[in-house]
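*Asks:*
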Amino acid sequence: MRAQATLFAGLLAGTSSSGAAAQLASKPGVATPIVLTSIGSGPTGSPAATPPSDERAAQSGTAAPASKPAPLAGQALGEPPKIGPTSTPAPPAPTPDDGGDEDVIVAGRRPRGSVLGDIRPERTFRAAEIRAIGTDDVEALLAAIGPQTESNRGRGDEGAVTLLNGRRVSSPSEIARIPTEAIERMEIFPEEVALKYGYRADQKVVNVVTVQQYRSSIGQAGFSTSTQGGREVGNADADFLLIRNDTRYGFGATYNRSARLLESDRRIQQASGMAGLGPFRTLLPSTKQLVLNGVAGGHVLGEVSATVNGRAETNRNRSLLGLGESGALRRRSDQDSEHLGTTLSGRSGGWQWTALGNYDRAATRTVTDLDAPSRRRDDARSTDSVASADLVMSGPLVDLPAGPLSASFQGGVRFHDFETRVVNGSTSPRSERNRDQGGLQVNLDLPLLDSVDRGPSKLGRISANANIAIDRLSDAGTMWRFGAGLSWSPIRAIGFIASGTSEQGAPALDQLGGPTLVTPNVRTYDIARREVVDVTQVFGGNPTLRNDERHVVRLGLNARPLSRINLTLSVDYVAAQTDNPVTALPIVSPQVERAFPDRFTRDKDGRLLRVDARPINFAASRQKQFRWGLNLTKPLGPVPPGMADGMIQIPADQIGQMTPGPNGTFTFHPQPGSAFARNIMTASSRLFVSLYHNWYLEDSLLLRKGLPTLDLLNGGATGTDGGRRRHEIELEAGAFQRGLGIRLSATWRSGTEVGGLEGAADQLRFGSLASMDLHLFANLAERFGGSKSPGWLKSTRLTFDVTNLFDARQRVRDDSGTTPLNYQHNYLNPLGRTISARLRHVF
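If you use mature numbering (1 follows the signal peptide of the UniProt record, and there is no 0), the sequence shown corresponds to residues -20 to -1, 1 to 823, in order.
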């Protein structure tokens, strides 16, 4: 067996890497090289290969007896690499035909931290790719790659399911602050993997695998402002993290503060008779935020591990709503929230189990001045508390010719209490809604065809899955959910997925019983009268909401069309239909007013005075969407054959330049200016491009039975930003070399129109919009100081961001070419271009 070491791609650039080990391999009488292999140095997205004879064992999570020694593991903290000649000759560098673009796992052993099952990742980020993006922690990394983790099968904008080392976490806050330096790899999986962990199949899955040895204390501070002035934002973070194999301790604190932005700070044109109101109306409120987070975990009994996570957050917002008879109208909104979560996980035979418990509480208070001589105030208070417990078990049921039939079982209970109180003058009505919920979900994965025992199959690998779930809600009855899917991989580089789901859903408690919140002076465009008016708008809950029913069909393709280039292609088609969908009341239009006349109040002259915007049931909705994307990653220049798959042979006369560092790391500094140094720099550099296109084929709403359908692609709208954009394009591109990185994020949305009953004469036209963000960062010591940089410069990163680089603004025109007052671009985007700087140091 080839002697090798497991290192991060960060070592290739002369920076430290965790958990490194090295072993010398020599030929008699030949200068001895040291062979280093970076983790996952092959093309991004290539899953780990397993020998065919042991593939079923790998799928079931059990390893077959090893016929060869296992690869070297990481050394203990601070232990130097093992250097010394052996009798095993060093093999030549692998060629592409050797399969050097994949991690070969000896004797069917799966990579540490792998997810359940045999579904291959759509995308894998190795340490070098993560480092090139230039983000600070898991939360920022997920935001940067948002288009790649987006699912078009969910009900809204739910984020991806996040796993840590292949296991569930109590909440995203448990891993949000893990620094990117502690990540070994990150994988993105399709929605079907979520079923194996007890989730619904409407969110993609992101698996974060950390290094085995890591310790850091991180401090960072930042400042941002608009180039037009105003809205200064300052923030500071402090974090500590310790990882020792399965033991983890982390603590963090964040403080953010932002100044308010007034209408008088921008060139806002006021309505007739309202001049001088700019200093009394905020475009953006002043805010303060404090977040404290802590996590502790490790083994508690044999192979059983436990994790406890706590989080506390406080937010304070202050805004101005206009000028009343007795002075400025103010709104004060305060929210305090707490989270406590715990997990227990372990194995029993071939089964993996996880028990989770969570408690969340959020208390909100909003005090609003009303325009009245008595200076009466609305004081709306709510307390939202949720306690839940879940048990998830996954494992094989029986061995079949194509592989094991595996199952996942999830059972849980949830207790939700939502209390509200509105103090308005002499009245103080209270309301309380409770929901007790119990549920069970079963998912089966059935392999139909594989090439495990009988050599290559002409049809490749085929598997199916089916799932069923039932939930009993104390206030909404019994909810059912069914789903099935079929996956086919004719060759390793191509995978197809077809799936369908049917589910029932209940309105959220805050949609049913949220406190009534009255907001005066909300600037609104009345399409029917083609005028802008300041109205009183009512928000809150609607106890008459009904359950909905949703049906989704998805067809998907994921492929790596070029074997020698790290290029992935994904294509998805999704069709969804929902009966009785729940949504907020759309914008004021004749179609909406005809369907819900009781939601609008006008004076005797027809002038709009009041809008009840509380949520409502529509009759039905339909969406059809086509989405495709591609991702490309490559080094910045040609890489020698010996480094093509991340293998580096270090000449014996340069071994002394490897020095041990903290966290079990080893740093290699090649001879400056040497060809070897240049090759390492090229191998560690990265160029990456990510492009996604959303094409909406249909998006319609049937407001009420018997009324015309509202076509959101052709004149209809549910929000103030217009109808559905038929085309949306998201581009992410960047490069990294020698500690200096750049990333560009661009989006383009096609134009849309909003029309009234009278056709073109009532239309508002929303132009297409393109915007771009620029992200620059420098690892200062790596770029400027090298190995002799002073201590204060080491592990220091300077980041500079420009959001909305070209100050792009949405343009809205009516049929006469005039922009309605409430669609002025400073209303739609008050900040415009912003610049920010951030300094980060790892102690």
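Ideal Cβ placement from N, Cα and C applies to all residues, glycine included.
Which one of ILE442, ALA761, GLY375, ASN236 has the shortest CA to CA distance from GLN269?
*Replies:* If you number the sequence shown from 1, residue 269 lands on position 289. It is ASN236 whose Cα lies nearest to the Cα of GLN269.
*Asks:* With hydrogens ignored, establish whether the beta-carbon of SER365 is closer than 7 angstroms to any heavy atom of the ligand MG.
*Replies:* This structure does not include the ligand MG; it has no bound ligands of any sort.
*Asks:* What is the DSSP secondary structure of VAL118, reduced to helix, strand or coil?
*Replies:* Taking the sequence shown and counting its residues from 1, one reaches residue 118 at position 138. If DSSP states are grouped into helix, strand and coil, VAL118 belongs with the helices.
*Asks:* Name the DSSP beta bridge partners of VAL572, please?
*Replies:* In the sequence shown, counting from the first residue as 1, residue 572 sits at position 592. Per DSSP, none; premise fails for VAL572.
*Asks:* Please give me, in chain order, every unbroken run of the beta strand (DSSP E) with length at least 3 that falls completely inside the region 234 to 268.
*Replies:* Listed in chain order, they are 262 to 264.
*Asks:* Take every Cβ of the region 248 to 256, pair it with every Cβ of the region 222 to 235, and state whether three or more of those distances are shorter than 8 angstroms.
*Replies:* In short, these stretches do not touch, since the Cβ pair count stays below three.
*Asks:* Of all the beta strand (DSSP E) runs that stay within the bounds of the region 467 to 507, which reach a length of 3 or more residues?
*Replies:* Taking only runs of at least 3 residues, the beta strand (DSSP E) segments lying wholly in the region 467 to 507 are 474 to 485, 497 to 506.
*Asks:* Taking the alpha carbon of SER601 as the point to measure from, which residue in VAL515, GLY617, ASP691, ASN802 has its own alpha carbon closest?
*Replies:* Residue mapping note: residue 601 aligns to position 621 of the sequence shown, counting from 1. Among VAL515, GLY617, ASP691, ASN802, the Cα nearest to that of SER601 is on ASP691.
*Asks:* Starting from the N-terminal side, write out each stretch of the alpha helix (DSSP H) that is 4 residues or longer and does not extend beyond the region 194 to 229.
*Replies:* Complete alpha helix (DSSP H) runs here, min 4: none at all.
*Asks:* Here's the rule I'm using: 16 or more other beta-carbon atoms within 10 Å means buried, otherwise exposed. How should ALA593 be labelled?
*Replies:* Residue numbering aside, residue 593 sits at position 613 when the sequence shown is read from its first letter. Buried: at least 16 other Cβ atoms inside 10 Å.
*Asks:* Counting C-beta neighbours from all protein chains within 10 Å, is the total for SER408 16 or more, i.e. buried, or is it exposed?
*Replies:* Looking up residue 408 in the sequence shown gives position 428. SER408 should be labelled exposed.
*Asks:* Could you check whether ILE158 and LEU221 sit closer than 8 angstroms to each other, using their CB atoms as the reference points?
*Replies:* Working through the sequence shown from its first residue, we reach residue 221 at position 241. Working through the sequence shown from its first residue, we reach residue 158 at position 178. Yes; because the gap between Cβ atoms is below 8 angstroms, this pair is in contact.
*Asks:* Mapping the DSSP letters down to three states, classify ASN694 as helix, strand or coil.
*Replies:* One-based indexing of the sequence shown puts residue 694 at position 714. Reduced to three states, the DSSP call for ASN694 is coil.
*Asks:* So, helix, strand or coil for SER153, using DSSP?
*Replies:* Mapped onto the sequence shown, residue 153 falls at position 173. SER153 falls in the helix class under three-state DSSP.
*Asks:* Just to confirm, are residue 825 and PRO800 a CB contact at a threshold of 8 angstroms?
*Replies:* Because the chain here runs from -20 to 823, residue 825 falls outside it and cannot be looked at.
*Asks:* Leaving aside the five residues before and after VAL513 along the sequence, list all residues of the same chain whose C-beta is less than 7 angstroms from its C-beta, in chain order.
*Replies:* Counting from 1 along the sequence shown, the entry for residue 513 is found at position 533. Closer than 7 angstroms at Cβ, skipping near neighbours: THR504, ASP506, ARG587, LEU588.
*Asks:* Which residues in the same chain as PRO27 place their Cβ atom closer than 7 angstroms to its Cβ, once the five residues preceding and following it in sequence are excluded?
*Replies:* Position 47 of the sequence shown, counted from the start, is the residue given in the question as residue 27. No answer about PRO27 holds up, because its pLDDT of 33 lies below 50 and its placement is not dependable.
*Asks:* Tell me whether the region 772 to 787 and the region 172 to 180 touch, counting them as touching only if at least three CB pairs, one residue from each stretch, are closer than 8 angstroms.
*Replies:* With a cut-off of 8 angstroms, the region 172 to 180 and the region 772 to 787 do not count as touching, because too few Cβ pairs lie within range.
*Asks:* Does the beta-carbon distance from VAL185 to ALA174 come in below 8 angstroms?
*Replies:* Along the sequence shown, one-based indexing puts residue 185 at 205. Along the sequence shown, one-based indexing puts residue 174 at 194. Cβ atoms of VAL185 and ALA174: closer than 8 angstroms.
*Asks:* In whole angstroms, what is the alpha-carbon distance linking residue 824 and ASN297?
*Replies:* Coverage of the chain is limited to positions -20 through 823, which leaves residue 824 absent and any answer about it impossible.
*Asks:* Please state if the CB of GLY302 and the CB of ARG345 are separated by a distance shorter than 8 angstroms.
*Replies:* For the purposes of this step, residue 345 is taken as the residue at position 365 of the sequence shown. For the purposes of this step, residue 302 is taken as the residue at position 322 of the sequence shown. No, the Cβ-Cβ distance between ARG345 and GLY302 is not below 8 angstroms.
*Asks:* Around the C-beta of PHE716, are 16 or more other C-beta atoms found within 10 angstroms, so that it is buried, or is it exposed?
*Replies:* To locate residue 716, count along the sequence shown from 1; it is residue 736. PHE716 is buried by the Cβ-count criterion.
*Asks:* Taking DSSP as the reference, what is the three-state secondary structure of residue 828?
*Replies:* A question about residue 828 goes unanswered here, because the residues of the chain that appear run from -20 up to 823.
*Asks:* At what residue ranges does the region 328 to 355 contain a whole run of the beta strand (DSSP E), taking only runs of 3 or more?
*Replies:* Those beta strand (DSSP E) runs which fall completely within the region 328 to 355 and span 3+ residues are 331 to 349.
*Asks:* Considering only residues of the region 157 to 182, which uninterrupted beta strand (DSSP E) runs meet the minimum length of 3 residues and lie entirely inside it, listed in chain order?
*Replies:* Within the region 157 to 182, the complete beta strand (DSSP E) runs of at least 3 residues are 163 to 169.
*Asks:* Mind checking which residues open and close the beta strand (DSSP E) that includes THR783?
*Replies:* In the sequence shown, the residue the question calls residue 783 occupies position 803. Unbroken beta strand (DSSP E) run through THR783: 776 to 783.
*Asks:* So the beta strand (DSSP E) GLY536 belongs to, where does it begin and stop?
*Replies:* Residue numbering aside, residue 536 sits at position 556 when the sequence shown is read from its first letter. Where GLY536 is concerned, the enclosing beta strand (DSSP E) stretches over 528 to 539.
*Asks:* Among residues of its own chain, excluding the 5 on either side of VAL378, which ones have a beta-carbon nearer than 8 angstroms to its beta-carbon?
*Replies:* Sequence index remark: in the sequence shown, residue 378 carries index 398 (1-based). Taken in chain order, the residues that qualify are PRO384, LEU385.
*Asks:* For the putative contact between GLY326 and VAL284, defined by C-beta atoms under 8 angstroms, what is the C-beta separation to the nearest angstrom?
*Replies:* Looking up residue 326 in the sequence shown gives position 346. Looking up residue 284 in the sequence shown gives position 304. Going by Cβ atoms, the distance from GLY326 to VAL284 rounds to 4 angstroms, so yes, they are a contact pair.
*Asks:* Output needed for GLY617: all residues of its chain with C-beta closer than 6 angstroms, excluding positions within five of it in sequence on either side, in chain order.
*Replies:* Taking the sequence shown and counting its residues from 1, one reaches residue 617 at position 637. Cβ neighbours of GLY617 beyond the five flanking positions: THR662.
*Asks:* What is the residue span of the beta strand (DSSP E) that GLN517 lies within?
*Replies:* Working through the sequence shown from its first residue, we reach residue 517 at position 537. It spans 511 to 519 - the beta strand (DSSP E) in which GLN517 sits, taken as one unbroken run.
*Asks:* Can you tell me whether LEU439 is buried or exposed, with buried defined as 16 or more other CB within 10 angstroms of its CB?
*Replies:* Taking the first residue of the sequence shown as position 1, residue 439 is located at position 459. Looking at its Cβ environment, which holds fewer than 16 other Cβ atoms inside 10 Å, LEU439 is exposed.
*Asks:* Between the alpha carbons of HIS396 and GLY771, how many angstroms are there, rounded?
*Replies:* Taking the sequence shown and counting its residues from 1, one reaches residue 396 at position 416. Taking the sequence shown and counting its residues from 1, one reaches residue 771 at position 791. Straight-line Cα distance between these residues: approximately 51 angstroms.
*Asks:* Report buried or exposed for HIS279, applying the criterion of at least 16 other Cβ atoms within 10 angstroms of its Cβ.
*Replies:* Locating residue 279 in the sequence shown gives position 299, counting from the first residue. Classification of HIS279: exposed, given that the 10 Å Cβ count is below 16.
*Asks:* Buried or exposed: which applies to ASP98, given that a residue is buried once 16 or more other Cβ atoms fall within 10 Å of its Cβ?
*Replies:* Looking up residue 98 in the sequence shown gives position 118. Looking at its Cβ environment, which holds 16 or more other Cβ atoms inside 10 Å, ASP98 is buried.
*Asks:* Based on Cα-Cα distance, which residue from ALA556, GLY202, ASN597, ARG582 lies nearest to ALA575?
*Replies:* As a working note, residue 575 is residue 595 in the sequence shown. Among ALA556, GLY202, ASN597, ARG582, the Cα nearest to that of ALA575 belongs to ASN597.
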